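First residue of the sequence shown: 1, per the UniProt record's numbering; consecutive thereafter. All C-beta atoms, glycine included, are put in the ideal place defined by N, C-alpha and C. These numbers were taken from a predicted model, which means no experiment stands behind them. Contents: one structure, followed by commentary.
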Amino acid sequence: MTVVEVCLDDVAGARVAEDAGADRLELCAGLAEGGTTPSIGTVEAVLGTVRGIGVNVLVRPRGGDFVHTPDEVGVMCADIRAVTRLRAGSPLPVGFVLGALTPDGEVDVPVLRTMLEACGDAPVTFHRAFDATRDLAAALDVLSGLGVARVLTSGGRATALDGAAVLADLVGRAEGRITVMAGGSVRGGNVVEIVDRTGVPEVHLRAPAVVPGRSRHRNPHLGYDTGERTVTAAAPILDVRRRLKRAL
Numbered sequence: 001m002t003v004v005e006v007c008l009d010d011v012a013g014a015r016v017a018e019d020a021g022a023d024r025l026e027l028c029a030g031l032a033e034g035g036t037t038p039s040i041g042t043v044e045a046v047l048g049t050v051r052g053i054g055v056n057v058l059v060r061p062r063g064g065d066f067v068h069t070p071d072e073v074g075v076m077c078a079d080i081r082a083v084t085r086l087r088a089g090s091p092l093p094v095g096f097v098l099g100a101l102t103p104d105g106e107v108d109v110p111v112l113r114t115m116l117e118a119c120g121d122a123p124v125t126f127h128r129a130f131d132a133t134r135d136l137a138a139a140l141d142v143l144s145g146l147g148v149a150r151v152l153t154s155g156g157r158a159t160a161l162d163g164a165a166v167l168a169d170l171v172g173r174a175e176g177r178i179t180v181m182a183g184g185s186v187r188g189g190n191v192v193e194i195v196d197r198t199g200v201p202e203v204h205l206r207a208p209a210v211v212p213g214r215s216r217h218r219n220p221h222l223g224y225d226t227g228e229r230t231v232t233a234a235a236p237i238l239d240v241r242r243r244l245k246r247a248l
């Protein structure tokens, strides 16, 4: 059965995703920026909320590009160590999601080695910085050689469906050395086609729903409260699960 990973940023959403059949969570903050490191309190709360699925914690200090300064690398390693302390006391499978590139669009091997050392024996996913590399096939080989467990990719295109041909090539090239996980607008309506065309063993999706905010009073002159908020919804996850099951 295809592994389904759900990207989210809320504790309640972690419960929703597990109940809807997610196999693993990618826990983030700042999803509007493509994802940033969640607070240590959020990580602790999620690890205390879910019952038996894996939790991968994104380590990314800011939005924008993936070329990181020494200060940022220091912050990322400190975050990894903080999560590692929680991981030591958790019965759940806990891993990390991270990445770093050179200004020329190649995997930043020295920086990645530093972070991998901080991760210890925890499984590591290289995030969609992979899609910004100059040569996806070469980057896959580098990551495999470094011991990275998984790469999240849309095949270098805007969506996983658009990048299906490249994803298929990457799956063939991986040869079991590293897992290729498809991400990028994965939905119930296209997940079976993506899996069939690429052979990916895992898919990654968000499951957002916009709901009214809780405030009964709003100051209309302030721009940061729109009266709505985004939460993790069960329906998209259930839809993906149902369609994958039917396709077996």
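Contact between the region 97-109 and the region 117-133 is present, with at least three C-beta pairs closer than 8 Å. As a beta-bridge residue in DSSP terms, His-204 pairs with Glu-5, Gly-183.
Looking at the DSSP output, Pro-212 shares a beta bridge with Glu-228.
Between Asp-131 and the set Gly-41, Gly-183, Leu-112, Arg-113, the nearest pair of CA atoms involves Gly-183. Under the three-state reduction of DSSP, Val-59 is assigned to coil, being neither helix nor strand. Here the alpha carbon of Asn-219 sits roughly 10 Å from the alpha carbon of Gly-227. Secondary structure of Gly-172 (DSSP, three-state): helix. For Leu-25, there is no enclosing alpha helix (DSSP H); the residue is part of the beta strand (DSSP E) that begins and ends at 24-27.
Across the set Val-200, Pro-61, Leu-248, Ala-235, the C-alpha of Ala-235 shows the shortest separation from the C-alpha of Ala-22. Under the DSSP assignment, Gly-95 falls in the beta strand (DSSP E) whose first and last residues are 94-98. The straight-line gap separating the alpha-carbon atoms of Ser-90 and Val-195 is approximately 32 Å. Ranked by how close their Cα comes to the Cα of Val-11, the residues Val-4, Leu-25, Val-142, Val-94 have Leu-25 in first place.
Sorting Val-151, Thr-198, Val-73, Thr-42 by C-alpha distance to the C-alpha of Glu-117 places Val-73 at the top. CA-to-CA, the gap between Arg-229 and Ala-149 works out to about 34 Å. In the three-state reduction of the DSSP assignment, Arg-150 falls in the strand class, which pools E and B. Per DSSP, Val-107 lies in no beta strand (DSSP E) segment and is marked neither H nor E. Per DSSP, the continuous alpha helix (DSSP H) segment holding Val-191 begins and ends at 191-198. The continuous beta strand (DSSP E) containing Thr-125 extends over residues 124-126.
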